[in-house]
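Residue numbers (the numbering used here): 11 to 131. Using N, Cα and C, we set each Cβ at its ideal position, and we do this for glycine too.
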C-alpha cells in the first residue's frame, strides 16, 4: 500500500522538488499552494503525512496546522514543517499548533523520507 503525502508550499519549485523526492520512493503526492488550498485538498484526500511550509500567502503554516488539528478526522495525521525558518520561538509555536516535526530547507531528500517514515510508522 503506497503512502500518500500532502505537500503545502507556495513555491512551485519547492513543490516540484518535494514531488520528485517523494515519488522516487514510491509515495503518492498531492499538492497545495497555501494553507487554504491545503484544507480544500484535505476535504477530498486522506494523506498519511502532511509536509507544510510556514510562510505562505492567504493562510500560513501555523494557521493551517491549527485548522487541521481542529478537525477530529485529521487530528492524527503527522505534520512535518519544512521551512527556511530555524528559530526556537517559531519551532515552539509550530509544536504548540500541533506540528509533529521540523525540517529546515534546503532539505536532504533522504533525510526527508526518513522523517516521513518515522512519523508515519
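Between 86, 78, 130, 82, which has its C-alpha nearest residue 46's C-alpha?
Out of 86, 78, 130, 82, 78 has the C-alpha closest to the C-alpha of residue 46.
Do you know whose CA, among 84, 80, 12, 116, lies nearest residue 38's CA?
Looking at the Cα atoms, 12 is the closest of the given residues.
When you measure from the CB of residue 64 to every non-hydrogen atom of the ligand ATP, does any distance come out below 7 Å?
This structure lacks the ligand ATP; in fact it carries no ligand of any kind.
Starting from the C-beta of residue 64, find all residues in its chain whose C-beta is less than 8 Å away, skip the five residues before and the five after it, and write them out in chain order.
These residues qualify, in order along the chain: 70, 71, 72, 91, 93, 95, 100, 104.
Name the two residues that bound the continuous beta strand (DSSP E) containing residue 61.
Residue 61 -> beta strand (DSSP E) spans 59–62.
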